[in-house]
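Start counting at 1 in the sequence shown, then tack on 3, and there's your number in my numbering.
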Amino acid sequence: MNWGVLFTVAFVLAAALRDVLFAGIFQAYRFFDVVLVTFGLTGLLSLVLIAVRAPEQMQALRRAWREGLIVNAGTAAAWLSFFYALKVLELADRAVVGTAETTLGTFTGGNCFDEKNSLTVTIGDGTLSA
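Here's what the structure looks like:
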């Protein structure tokens with residue numbers, strides 16, 4: 004049995020379940036409220052875990068606060084884009100794009116980009132470009 008295929012299928016199914024769950028949450032509640040709770044709890048729990056399990060990491064974070072801020076801002080931008088897409092896109096669109104991205108990224112080593120550095124995926128008779 005090819006374990007790579009099995010893990011890819013499991014990942015795609017888990018991502019689809021995650022997208023359905025989050026889409027329902029984002030369509031039921033206000034965007035800002037969900038983002039505030041999500042980032043607030045994640046940040047608070049992360050700081051508590053670091054303070055308890057690896058206090059020396061808190062000192063490193065204090066010394067390199069600018070780099071930490073830049074990394075967190077980039078991560079927040081990526082997650083906010085994902086959350087916004089969950090709110091405004093139809094579930095079928097997210098499923099097709101997510102599945103195509105995961106599958107093609109896995110089986111082609113992540114090289115799904117054309118010469119213009121835009122993602123181009125051909126499914127059946129249609130081409131999906133992003």
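Ideal placement from N, C-alpha and C gives every residue a C-beta, glycine not left out.
TYR32 sits in coil when the DSSP states are folded into three classes, being neither helix nor strand. Secondary structure note for ALA76: its alpha helix (DSSP H) is the uninterrupted segment 68 to 91.
Annotated as proximal: LEU83 and VAL38, with beta-carbon spacing under 8 Å.
The beta carbon of VAL74 sits closer than 6 Å to no other beta carbon from its chain once the five residues preceding and following it are set aside. CA-to-CA, the gap between ALA18 and LEU48 works out to about 23 Å.
Judged by their CB atoms, LEU89 and PHE25 are nearer to each other than the 8 Å cut-off. For the 8 Å CB-CB criterion, GLN62 and ILE53 do not form a contact. With respect to ALA79, PHE42 sits close: the two C-beta atoms are nearer than 8 Å. In the displayed model, ALA57 falls within coil according to three-state DSSP, outside both helix and strand. ARG33 and TYR87 have their C-alpha atoms some 11 Å from each other.
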